[in-house]
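Q: The following block contains the structure, expressed as structure tokens.
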Amino acid sequence: MMKKKLAMAVAGIMVIGLLTGCGGKTTETQEPVTEQEASAGEENDVQEPGGGVDSSSTGEGLIGVSMPTQSLQRWNQDGDNLNKFLTEMGYEVDLQYADNEVPTQVSQIENMITKNAKVLIIAPVDGGALSAVLSEAKEAGITVIAHDRFITGTQDVDCVGTFDNAKVGALQGQYIVDALDLENAEGPFNLEIVAGSLDDDNAAYFLGGAMEILQPYIDSGKLVVRSGQTTREQCATEAWQTDVAQARMDNILTAYYTTERLDAVLCSNDSTSLGAQSALKSAGYGTEDLPFPVLTGQDCDIANVKAIIAGEQSMSVFKDTRALAEVIAQMADTFVKGGEPEYNDTETYNNGAKVVPAYALDPIVVTKDNYKEVLIDSGYYTEDELK
Ligand code: BGC
66 MMKKKLAMAV AGIMVIGLLT GCGGKTTETQ EPVTEQEASA GEENDVQEPG
116 GGVDSSSTGE GLIGVSMPTQ SLQRWNQDGD NLNKFLTEMG YEVDLQYADN
166 EVPTQVSQIE NMITKNAKVL IIAPVDGGAL SAVLSEAKEA GITVIAHDRF
216 ITGTQDVDCV GTFDNAKVGA LQGQYIVDAL DLENAEGPFN LEIVAGSLDD
266 DNAAYFLGGA MEILQPYIDS GKLVVRSGQT TREQCATEAW QTDVAQARMD
316 NILTAYYTTE RLDAVLCSND STSLGAQSAL KSAGYGTEDL PFPVLTGQDC
366 DIANVKAIIA GEQSMSVFKD TRALAEVIAQ MADTFVKGGE PEYNDTETYN
416 NGAKVVPAYA LDPIVVTKDN YKEVLIDSGY YTEDELK
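When we follow the numbering used here, the leftmost residue of the sequence shown carries the number 66, and every step to the right adds one.
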């Protein structure tokens, strides 16, 4: 039922996307705009810290949207899309980015509570660090929706809208299996792993989903991780930063691959994949004699889609931020109107304090072969943005 409605909603978004692109930017922010964001062709209305919309203004009321950072393209798109859908529904939106800092996010949320927000939509910097401020929100009668990233260790989260994160990892793992033809090829092949931030619960699901596919090949010796680094802790990339991923991959290449060649890198997302790509280029990869290894990603950031087109990255996993924003805006609106949103998973999202009802969207593999269809035909990007 919800699936059908959602398919219609997504089709609707595709049409809106075709007509308008990804929407204008009315972001209130305290963070600098990055190169990556600038390349997405968007504008910012920068507002001073502490500024924001007044909850007493007209319309359906205030909704607080707390995003982790503007340094990654996707959160800018998430913020823009939420802002667009909620504004169209008649809400005032207080959209804030936390510069990847927990204290900043907490004080921004406190500010939203003070301003009598009706709903808080939060993509946490650290999913386990919001219990105290969310208990304040609950006391004030405010609904809390986790956006994309799970919020753990608290009763005070009402629902989560996300993508099937284990499936994201499984798609990445399966891509490596198919690209190296692990079922038939003799091997062995060398693999390294670049995972996400330890404070992001999603990162565990990405890696878990991928390793479920890849571990049997590591166990049988067909895949060899020469660095020996396979645990989440060993492969983590603090705050998903490109330069952190690059530095770790530089070290791995220097220590383990002076005579051996790297055949595949499992990168959990696009920002870490960019870091791995820079390290590989510095080590001489990207030539006829030494081609790029099979390299995964996630998000379909513009820089990475360009890398896919250029043959430097093999694939990314597309998570349509328009569809997620639509689902979450509908959840918020339903709560404000006294209803209960429809979910497609009421069993698996256990945050350690309760099972949180969820709506999880489906991720899609994007490669050189289908990027036009998935990203351009749907209006997510224009052809020019990918040049
Ligand atoms: C999101 C990914 C994103 C990563 C880094 C994760 O929680 O699900 O889409 O690449 O954070 O921001």
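In this text, a Cβ means the ideal position worked out from N, Cα and C, and glycines have one as well.
The model shown is predicted, which means the values in this text are computed figures rather than measured ones.
1) Assess contact between the segment 303-312 and the segment 332-350, defined as three or more Cβ pairs (one per stretch) separated by less than 8 Å. Is contact present?
2) Cβ of A202 within 9 Å of Cβ of I178?
3) For G362, does the count of other Cβ atoms within 10 angstroms reach 16, so buried, or fall short, so exposed?
4) Note down the Cα distance separating G204 from N316, rounded to an integer number of angstroms.
5) Please list, in chain order, all residues of the same chain as T399 whose beta carbon is under 8 Å from its beta carbon, the five residues on each side excluded.
6) Kindly give me the distance between the Cβ atoms of R291 and Y321, rounded to whole angstroms, as I take these residues to be in contact under 8 Å.
7) Out of K384, F254, Y156, point me to the one whose CA is closest to V234's CA.
8) Rounding to the nearest angstrom, what Cα-Cα distance links G349 and G376 in this structure?
9) Tell me, please, which residues DSSP counts as bridged to L331.
10) When you compare only the Cα positions, how much space is there between V75 and Y445?
11) Using only CA atoms, which one of Q239, A301, E303, W305 lies nearest to Q280?
12) Span of the beta strand (DSSP E) holding D159?
13) If you reduce the DSSP assignment to three classes, tell me which class C300 lands in.
14) Whole angstroms are fine: how far does the CA of A250 sit from the CA of D449?
15) Please name the residue in F228, E412, I210, Q161 whose C-alpha comes closest to that of A388.
16) Any idea if R139 is buried or exposed, counting beta-carbon neighbours within 10 angstroms, 16 or more meaning buried?
17) Flag K183 as yes when its Cβ comes closer than 8 Å to any non-hydrogen atom of the ligand BGC, and as no otherwise.
18) Would you kindly check if the distance between the Cβ of V401 and the Cβ of K183 is under 9 Å?
19) Name the two residues that bound the continuous alpha helix (DSSP H) containing I367.
20) Within the segment 201-285, note down every full beta strand (DSSP E) run reaching 3 residues or more, in order along the chain.
21) Would you say the beta carbon of L127 comes nearer than 8 Å to a heavy atom of the ligand BGC?
22) Are P30 and A329 touching if we call contact CB-CB under 9 Å?
23) Out of A344, L331, N369, point me to the one whose CA is closest to L360's CA.
24) Can you check whether the CB of Q294 is closer than 9 Å to the CB of E353?
25) Could you please give the first and the last residue of the uninterrupted alpha helix (DSSP H) stretch that includes V130?
26) Relative to the alpha-carbon of Q220, which residue among V420, A260, T134 has its alpha-carbon at the smallest distance?
27) Spatial neighbours of D427 within its chain, please: CB distance less than 8 Å, with the 5 preceding and 5 following residues excluded, ordered by chain position.
28) So, helix, strand or coil for N415, using DSSP?
29) Under 8 Å: does the beta carbon of P422 sit that close to some heavy atom of the ligand BGC?
30) Kindly indicate the opening and closing residues of the beta strand (DSSP E) around I187.
31) Do the CB positions of N416 and F215 come within less than 9 Å of each other?
32) What runs of the beta strand (DSSP E), each 3 residues or longer, lie entirely inside the segment 305-363?
33) Quick check: what's the CA-CA separation for S443 versus K437?
34) How many angstroms separate the CA atom of T152 from the CA atom of Y162?
35) Measure the Cβ-Cβ separation of A197 and V259 and say whether it is below 9 Å.
A: Per the coordinate set shown:
1) yes
2) yes
3) buried
4) In the sequence as displayed, the identity of residue 204 is Glu instead of Gly. Each residue's Cα considered, the two are about 49 Å apart.
5) E405, P406
6) 4 Å
7) The sequence as given places Gly at residue 234; Val does not occur at that position. Checking every option, the nearest Cα to that of G234 belongs to K384.
8) 15 Å
9) Answer is I258.
10) With a pLDDT of only 41 at V75, under the threshold of 50, the placement of this residue in the model should not be trusted, and no figure is reported.
11) Minimum Cα distance to Q280 is reached at Q239.
12) For D159, the uninterrupted beta strand (DSSP E) run begins and ends at 157-162, by DSSP.
13) helix
14) About 39 Å.
15) F228
16) buried
17) no
18) yes
19) 367-374
20) 208-212, 224-228, 254-259
21) no
22) What the structure shows of the chain is the stretch from 66 to 452, and residue 30 is not part of that stretch, so it cannot be assessed.
23) Residue L331 is the option with its Cα nearest to L360.
24) no
25) That residue, V130, is in no alpha helix (DSSP H); its beta strand (DSSP E) goes 127-132.
26) V420
27) F228, D229, K232
28) Strand.
29) Taking non-hydrogen atoms of the ligand BGC into account, the C-beta of P422 is found less than 8 Å away from none of them.
30) 184-187
31) Contact: yes.
32) 329-332
33) 9 Å
34) Those two C-alpha atoms are separated by around 18 Å.
35) no
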